[in-house]
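Inspection log for the structure reproduced underneath, given as structure tokens.
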Amino acid sequence: AEEEKSALFSVVSVNFSLPDKGSLRHYGKAGEMRIVAMARDYMHANFCDKLRVEEIAREVFMSQYHFSRIFKKHTSYSPYQYLLEVRLQHARKLMLQKGLTIKEITFRSGFNSMDYFSAAFSKKFSVCPSMYKKRLHNN
9 AEEEKSALFS VVSVNFSLPD KGSLRHYGKA GEMRIVAMAR DYMHANFCDK
59 LRVEEIAREV FMSQYHFSRI FKKHTSYSPY QYLLEVRLQH ARKLMLQKGL
109 TIKEITFRSG FNSMDYFSAA FSKKFSVCPS MYKKRLHNN
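See below:
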């Protein structure tokens, strides 16, 4: 009976083992670039959610501090700045659709505040979202 439990545990642990953390913690340039690529993929797949840097770092098996340092080193953006950029670019694409309001675009792009979205969009593109959308559709 003890051997059966041991054999069953071996099968279960093989089939449900976690990813090899060691392969992600290789501190060479290639390992760091792999971590950054995984984080970027995660951000692109989940930018509409309420993401925090801590959560992204956990996805790549790193502390928030170490992850942020490596991410900025390879992208010249902090993880937060990169996520903001992804959201703003998505909002800009949504502006091409005539039927969407600025409010809909705000929330579909992962922002939870219209005021914050408007301020971030205006800072990035030097025009408020409604004026940007209006100019797009008048041309």
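So the sequence shown is numbered by this note's numbering: it starts at 9 and just counts up by one.
Note that beta-carbon positions come from the ideal geometry of N, C-alpha and C, so glycine has one too.
Owing to the predicted nature of the structure, the values given are computational and were not obtained by experimental measurement.
Pairwise C-alpha distance: residue j and residue i
| i | j | result |
| --- | --- | --- |
| A78 | A65 | In the sequence as displayed, the identity of residue 78 is Ile instead of Ala. Going from the Cα of I78 to the Cα of A65 covers about 11 Å. |
| S138 | L92 | 19 Å |
| S121 | A127 | 10 Å |
| T109 | K132 | 20 Å |
| S86 | E112 | 27 Å |
| M41 | N146 | 42 Å |
| Y90 | K141 | 23 Å |
| F153 | Y124 | Only positions 9 to 147 of the chain appear in this structure, which leaves residue 153 out of reach. |
| Y73 | E67 | 14 Å |
| T83 | M70 | 17 Å |
| L96 | L104 | 13 Å |
Pick from the options that is closest to residue i, judged by C-alpha positions
| i | options | result |
| --- | --- | --- |
| R100 | V44, V135, M46 and R42 | V135 |
| R143 | G36, A45 and K106 | K106 |
| Y88 | I43, Q97, M51 and F69 | M51 |
Residue interval of the alpha helix (DSSP H) (run including residue i)
| i | result |
| --- | --- |
| L102 | P87 to L102 |
| F125 | M122 to F133 |
| S76 | Q72 to T83 |
(request) State whether the stretch 47-63 contacts the stretch 101-119, with contact taken as three or more CB pairs (one from each stretch) at a distance under 8 Å. (result) yes
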